[in-house]
Every structure is written in structure tokens, then in C-alpha cells.
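> Shown below is the structure under consideration.
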Amino acid sequence: MKTDIEIARSVRMKPVTEVARQLGIAPDDLELYGKYKAKVPLSYIDREKRKNAKLILVSAISPTPAGEGKTTVSIGLSQALNRIGKRSCVVLREPSLGPVFGLKGGATGGGLSQVLPMEDINLHFTGDFAAIEKAHNLLAALIDNNIQSKTRSLGLDPRTISWKRVMDMNDRSLRHIVAGLGGTASGVPRETGFDITAASEVMAILCLATSIADLKRRLGNIFVGFTYDKKPVYARDLHAEGAMAALLKDAIKPNLVQTLEGTPALIHGGPFANIAQGTNTVVATEMSLSLTDYTVTEAGFGFDLGAEKFLDIKCRAAGLSPNAVVLVATVRALKYHGGQPLKELKTPDVEALERGIVNLQKHIENIGLFGLSPVVAINKFATDSDEELQFIRDYCTMRGVPCAVADVWGQGGAGTEELAGLVAETADHCCPQFKPLYPLDAPVTRKVETIAKNIYGAEAVDYTPKAKNALKRIADLGLDALAICMAKTQKSLSDNPALLGRPKNFVITVRDIEIAAGAGFLIPITGEIMRMPGLPEEPAAEHIDIDDEGNLSGLF
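Taking the numbering used here, I'd label the letters of the sequence shown as residues 53 to 608.
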């Protein structure tokens, strides 16, 4: 059996100029990054045209080590829509180098449902992550420079500064550091740390900005800390937003590539869903809606994380409304949720499947809370038995939920045509606008409680003393009306990764709340979630290599 990278190399890619023509983009308007990658100017966004297009959101059940293949399904679905005569584009997030060199590996799909050029996308791509990192760290440098200044100091209290530095790598040793050592010429010593670039507020801002002007406004609204006399300081007080936006002048433009079948793909932005909002940029989504009839996009991890944020944060801010939601499930993942050991998942076990299907049930219920129509996609693996696949089909049929088996890895678009037909029919007949889960003007604690109880199934929410202090700070700053972006484990509906299936009678513990005023949301930190991940015992980096001819290996 061929590996993903062997499959990718066996395909003859179209020049990106040809992909652009499929979308009605003039090749001369592209900013080329070689033969197969390009940036598209924001002028191709037409907000009137986007109103007539269909937006399809792909989400999943709670992820497990067995994997659900949400990105692979998104790619296969977009390919299949084109095969059945629907003009479609897939819009995805850019991979972060942290997971690529850590545990998860690449994020370009797999088998016959991949985006290309896979190796470039998984590594530096068009440099968007580097630009975001530089813009973020420029603000950090300006903060420390202002503290050091004798003539232009704002009087920032170093103990209150919430802005860390970022890098696009998993490095747990940088979570907590002391900066400014080395004497008076090297700055003022203070405690700080690093987050991963995907968790940067600049990443979140880039993904929510609708224009350069909106980008600058949001960057200026970044909360930095307090002065010694308790006055809040924002990035605009440091005159940082102009230079930060200048660094992002190209990064804000969506990246155009293609799938294995030549379907257009826009890949742009890369926030994680467990520690950020987990969706691609607003401008990439709007561009696809402006240029095609069906836009397929995904939201990270399970519906409880990425999709909830996609709806309550991204859609609310950008005025978007999905026409259909695809919920990806796998036989092996549901068996894992039902207690079957990881090493035995290839063995048929309908009883474990029956126990674990409650996780699928909860996510179906959650989609209904937003007034949306779900379609279940069973991502097929070779080890799935016919009895197991039929069990899931029958389960969905009994609940009136359309369901299809999709062989996205083995057959690409050809194995996903049944799903594409169901999704197109659902999207075409979707009339009502989705309803957000909570009003923005509700108290912060009520918004958090609404998510925890309704989406996760928690009994209650508990706040540590540090989180209670953060609530008071948020109220004093007048930031109560911001949206909520929960930082929570993706492995469970609860904040405890060991609780699989559909946990009950649990309490969500909020241990801190970070402010992302520029992005327009607050970040309650729950459980043991970290905004700077660490590498696993055996990092994927140990198996990635390049030969003397420049050929890469081990990216998956």
C-alpha cells in the first residue's frame, strides 16, 4: 500500500494559474510562490455574491488516538461535490510545525483526499506563521523597550503584563521563563514565557479580520497590562498596530492550492481549537463563498470545541451562517469511546460500538442547539465490518439524521459521492439562520456556564481564586461583552481527558481567564490545558529526513 507522501508525489499537479481560472481569478492577479502556490488579493471577496453560496461546516465527534479524519473528509467531500456537478472549494487551516514535528503529524489530509503541494504546506508554506510570529514578538519587544525607557515610559507594571512571546514549535521548557537578565543594558528582569504561535492573539486576530483596517483596529485593541497606577495599557498606547499590520500585509491574503483531483483549496490561518478558536480566516471563507457555489470548511477537533467557536465567535463576528453541518465519526473511534482498548480497535466489536455511540449522540444534539441540520459521515477504514457500519447507519436513521459511509482515503471524491449528495440536498433546503448559543451581553459566568452545561454536559462550573480575580479584572475593564473561547482538552467532552464517551455528573474547573480584546473574546483556561504544548516521548521529528537530492521523508 502506498503512503500518503508516495500518493502525493504520483499526482501531476496543475499550475496554480489553472486552478485560479477555475475560480474566475485572473492569473495576473495572483502573487505566485513558485508554480503551485499563490496568494489571492482581498479584492476577490464580494460580500453580495457570498450570500447566495452554501457554507458547509465539517466537524467531528470527540477525537481519539484512533483518529477521525475530519480534514480528509473535508477534502474528499469538496472533490465529490465537484464530481456531482457542484462548484466547490475547500477552505482549511494551515498546519503548525509543533504538531508536524511532535505527535499529530501533517494536516493535509491523506490517501486520495489530500491538498498539494503537501510537503510545502506542512512546512513553511507561504510564511504566514512566520509573519504572525514576528508581529506578535514585535509587540513583546516594544513592551520591554517601553519599560526600559527613561523618557517615554508609560509606567507599565511588569508584574501585570499578560503578553508573552510565541514560537511555532512544541517546547515546554519555554512556558515559564525570566527575561531581561544581564544588567541594566539588557532590560528589566521579569517573569514571562512563550505560547505556541497557533495560540497567539495575533493569529486569532488575523483569522477574524475582514480587512487591513479591521486588522489594525483589532491589533490596537490588544490588552497588554496595567500601569503602576492601575490604568490599562493596550497595543495602541504603544503605537504598535501600524508596524504589526505592516508585517502581516501579505499574511492576510488567502493561499490558493489544490487537491489531488484538482479541486481548488484555500488554506489560511491556523489557530488550534483546544487553545484558540480553531477555524481558518474569515477572508478565506468569504473569498470561497464569493467564487464558488459550495464552500466546505472545517473546525478543529470535536464539535464541542472548534464548531462551537466557529458558530459563536467566527460566524457571529462575520455574519456567516452554515447551511449544513457534517459530523465525522469512525467505527474505531466510537469503539474506543465505548471502552475497547486501542490495540484491539481493528477487531469487530458491536457491543463496544453501542456503548461508545453516545458520544456521537451528544454531538448530534449539540448541532441542534444552534438550529442547524447535521449529516453524519462515517469515515471508512479497511478494518470496519459491515455489521459495525450498518449499526451506525441504523442508529442515525432511527433519529432522522442523514448518514453516509465515505471512503475518502481509499477512493477520494469517488468514494464520497453519496455523502456529497446528502450534504448538497441538506444545504439547498436549509432556510433558517443559525442561532448563537448565548447573547454577548450576558454575564461572563453565565456564558461560560451555558457552554459547559449545554455543550459539554457539565453539572456546574467551578472557578479558582485566580479565575475569580480575572473575572473582576474583566469587569473593571468593561470587557464583559466579549465572546467566550474555551481552552479545554479535545479528548473528552469534560475537562478531564480520561472521561470518554458521554461523561455525566462532572464539574468544569476554570483556573484562569485570559483576555483577547483584539480578537474579541475571553479565554477561560480549564483543566490541565497548556497554550504551549510539549513534545511526546518519541517526537515525529526523529523520523523526518531529507536525502541528498532534496526529497523529504517521514512527514506522516
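From the three backbone atoms N, C-alpha and C, an ideal C-beta is built for every residue, glycine too. Since the model is a prediction, treat every value here as computed from it, not as a measurement.
Nearest to LYS301 by alpha carbon, out of ILE184, LYS106 and SER114?
Along the sequence shown, read from residue 1 onward, the residue named residue 301 stands at position 249. Minimum Cα distance to LYS301 is reached at ILE184.
> Closest to ASP364 by C-alpha separation, out of LEU574, VAL63 and ASN104, would be which residue?
If you number the sequence shown from 1, residue 364 lands on position 312. If we check each option's Cα against that of ASP364, LEU574 comes out closest.
> Tell me which residues share the same chain as ARG102 and place their Cβ nearer than 7 Å to its Cβ, disregarding the 5 neighbours each side in the sequence.
Looking up residue 102 in the sequence shown gives position 50. If we look at ARG102 and ignore the five residues flanking it on each side, its Cβ neighbours are GLU338, LEU341 and SER342.
> Measuring only the C-alpha atoms, how far is ASN548 from HIS389?
For the purposes of this step, residue 548 is taken as residue 496 along the sequence shown, with counting starting at 1. For the purposes of this step, residue 389 is taken as residue 337 along the sequence shown, with counting starting at 1. If you take the alpha carbons of ASN548 and HIS389, they lie about 14 Å apart.
> Give a yes or no on contact between the region 370-378 and the region 527-541, applying the rule of three or more CB pairs nearer than 8 Å.
As far as the Cβ criterion goes, the region 370-378 does not touch the region 527-541, which means the pair count is below three.
> Going by Cα to Cα distance, which pick from ALA256, GLY239, ASP247 and ALA187 is closest to LYS612?
Lying outside 53 to 608, the shown extent of the chain, residue 612 is not represented and no answer is given.
> What is the C-beta distance between ILE565 and ALA510, in whole angstroms, given that I count them as a contact (C-beta under 8 Å)?
On the sequence shown, position 513 is the one that residue 565 refers to. On the sequence shown, position 458 is the one that residue 510 refers to. So it is not a contact: roughly 17 Å between Cβ atoms.
> Can you confirm whether the region 457-464 touches the region 425-440 when touching is taken to mean that 3 or more C-beta pairs between the two stretches lie within less than 8 Å?
Flag = yes, the region 425-440 and the region 457-464 touch.
> Measure the beta-carbon distance from VAL92 to PRO306 and round it to whole angstroms, keeping in mind my assumption that it falls under 8 Å.
Within the sequence shown, numbered from 1, the residue matching residue 92 stands at position 40. Within the sequence shown, numbered from 1, the residue matching residue 306 stands at position 254. Indeed they touch by this definition, with Cβ atoms about 5 Å apart.
> Work out the CA separation of GLU171 and GLU594 for me, nearest whole Å.
Along the sequence shown, read from residue 1 onward, the residue named residue 594 stands at position 542. Along the sequence shown, read from residue 1 onward, the residue named residue 171 stands at position 119. Looking at the two C-alpha atoms, the distance is approximately 17 Å.
> Measure the alpha-carbon distance for ARG498 versus PRO491 and round it to whole angstroms.
Sequence index remark: in the sequence shown, residue 498 carries index 446 (1-based). Sequence index remark: in the sequence shown, residue 491 carries index 439 (1-based). So the alpha carbons of these two residues sit roughly 10 Å apart.
> Are the beta-carbon atoms of LEU129 and THR347 separated by less than 7 Å?
As a first step, residue 129 is located in the sequence shown; it is residue number 77 there, counting from the start. As a first step, residue 347 is located in the sequence shown; it is residue number 295 there, counting from the start. Contact flag unset, no.
> Could you tell me the distance, in whole angstroms, from the CA atom of ALA265 to the CA atom of ALA351?
Stepping through the sequence shown from its first residue, residue 265 is reached at position 213. Stepping through the sequence shown from its first residue, residue 351 is reached at position 299. Answer to the nearest angstrom: the Cα atoms are 26 Å apart.
> List the whole-angstrom C-beta distance separating LYS387 from ARG554, where the pair is believed to meet the contact cut-off of C-beta under 8 Å.
The residue you call residue 387 lines up with position 335 of the sequence shown. The residue you call residue 554 lines up with position 502 of the sequence shown. Not quite, the Cβ-Cβ distance comes to about 15 Å (not below 8 Å), so this is no contact.
> To the nearest angstrom, how far is the alpha carbon of SER214 from that of PHE275?
Here residue 214 refers to the residue found at position 162 when the sequence shown is read from its first residue. Here residue 275 refers to the residue found at position 223 when the sequence shown is read from its first residue. Approximately 8 Å, taken between the alpha carbons.
> Assuming THR212 and PHE153 make a contact with CB atoms under 8 Å, what is their CB distance in whole Å?
Sequence index remark: in the sequence shown, residue 212 carries index 160 (1-based). Sequence index remark: in the sequence shown, residue 153 carries index 101 (1-based). About 34 Å; that fails the 8 Å criterion.
> The alpha helix (DSSP H) with GLY420 in it runs from where to where?
Here residue 420 is taken as the residue at index 368 of the sequence shown, counted from 1. Looking at the DSSP string, the run of the alpha helix (DSSP H) that includes GLY420 is 402-421.
> Between the alpha carbons of ILE304 and LYS395, how many angstroms are there, rounded?
If you number the sequence shown from 1, residue 304 lands on position 252. If you number the sequence shown from 1, residue 395 lands on position 343. Rounded to whole angstroms, ILE304 to LYS395 spans 43 Å at the Cα level.
> Taking C-alpha atoms, which residue in ARG563, PRO517, ILE507 and PHE324 lies nearest to CYS259?
Translated into positions along the sequence shown, residue 259 becomes position 207. Comparing Cα-Cα distances from CYS259 to each of ARG563, PRO517, ILE507 and PHE324, the minimum goes to PHE324.
> Below 7 Å between beta carbons: does that hold for GLU120 and VAL383?
For this step, residue 120 is matched to residue 68 along the sequence shown. For this step, residue 383 is matched to residue 331 along the sequence shown. Taking 7 Å as the Cβ cut-off, GLU120 and VAL383 do not qualify as a contacting pair.
> Which residues in the same chain have their Cβ closer than 7 Å to the Cβ of LYS398, if we skip the five residues on either side of it in sequence?
Position 346 of the sequence shown, counted from the start, is the residue given in the question as residue 398. Counting only Cβ-Cβ distances below 7 Å, and skipping sequence neighbours, we find THR435.
> Leaving out five residues before and five after GLN485 in sequence, what residues of the same chain have Cβ atoms less than 6 Å from its Cβ?
Numbered from 1 along the sequence shown, position 433 holds the residue referred to as residue 485. The answer, listed in chain order, is SER373.
> Using three-state DSSP, classify ARG227 as helix, strand or coil.
Start at 1 with the first residue of the sequence shown, and residue 227 comes out as number 175. Looking at ARG227 - three-state DSSP - the assignment turns out to be coil, as it is neither helix nor strand.
> Quick one: Cα of ALA287 to Cα of ARG217, how far?
By one-based count along the sequence shown, residue 287 stands at place 235. By one-based count along the sequence shown, residue 217 stands at place 165. Each residue's alpha carbon lies about 14 Å from the other.
> Is the beta carbon of LEU607 sitting closer than 7 Å to the one on ASN174?
Indexing the sequence shown from 1 puts residue 607 at position 555. Indexing the sequence shown from 1 puts residue 174 at position 122. Yes. Within cutoff.
> State buried or exposed for GLU293, treating a residue as buried only when at least 16 other CB atoms are found within 10 Å of its CB.
Mapped onto the sequence shown, residue 293 falls at position 241. Answer is buried; the Cβ neighbour count reaches 16.
> Given ALA132, which residues of its chain have a CB within under 7 Å of its CB, disregarding the five upstream and five downstream residues?
By one-based count along the sequence shown, residue 132 stands at place 80. Contacts found: GLY465, THR468, GLU469, LEU471 and ALA472.
> With burial defined as no fewer than 16 other Cβ atoms inside 10 Å of the residue's Cβ, what is the status of ARG64: buried or exposed?
Taking the first residue of the sequence shown as 1, we reach residue 64 at position 12. That one is exposed.
> By a C-beta neighbour count over all protein chains shown, 10 Å radius and 16 as the cutoff for buried, is LYS122 buried or exposed?
One-based indexing of the sequence shown puts residue 122 at position 70. LYS122 should be labelled buried.
> On the three-pair Cβ rule with 8 Å, is the region 584-592 touching the region 219-226?
Verdict: yes, contact present.
> At what residues does the alpha helix (DSSP H) containing ILE184 begin and finish?
Your numbering for residue 184 matches position 132 in the sequence shown. Per DSSP, ILE184 belongs to the alpha helix (DSSP H) from 180-200.
> List, from N- to C-terminal side, the beta strand (DSSP E) runs of 3 residues or more that fit wholly inside the region 359-405.
You should have 376-381.
> Need the endpoints of the beta strand (DSSP E) that CYS455 sits in, please.
Looking up residue 455 in the sequence shown gives position 403. Residues 455-458.
> Pull up the DSSP beta-bridge partners for ASN431, would you.
Reading the sequence shown from its first residue, position 379 is the one you call residue 431. Paired residues: ALA458.
> Below 7 Å between beta carbons: does that hold for SER114 and ASN326?
Here the question's residue 114 lines up with position 62 in the sequence shown. Here the question's residue 326 lines up with position 274 in the sequence shown. No, the pair does not count as a contact, with Cβ atoms beyond the cut-off.
> Do GLY570 and ARG270 count as a contact pair if the criterion is CB distance below 7 Å?
Mapped onto the sequence shown, residue 270 falls at position 218. Mapped onto the sequence shown, residue 570 falls at position 518. It is a contact, given that the beta carbons lie within the stated cut-off.
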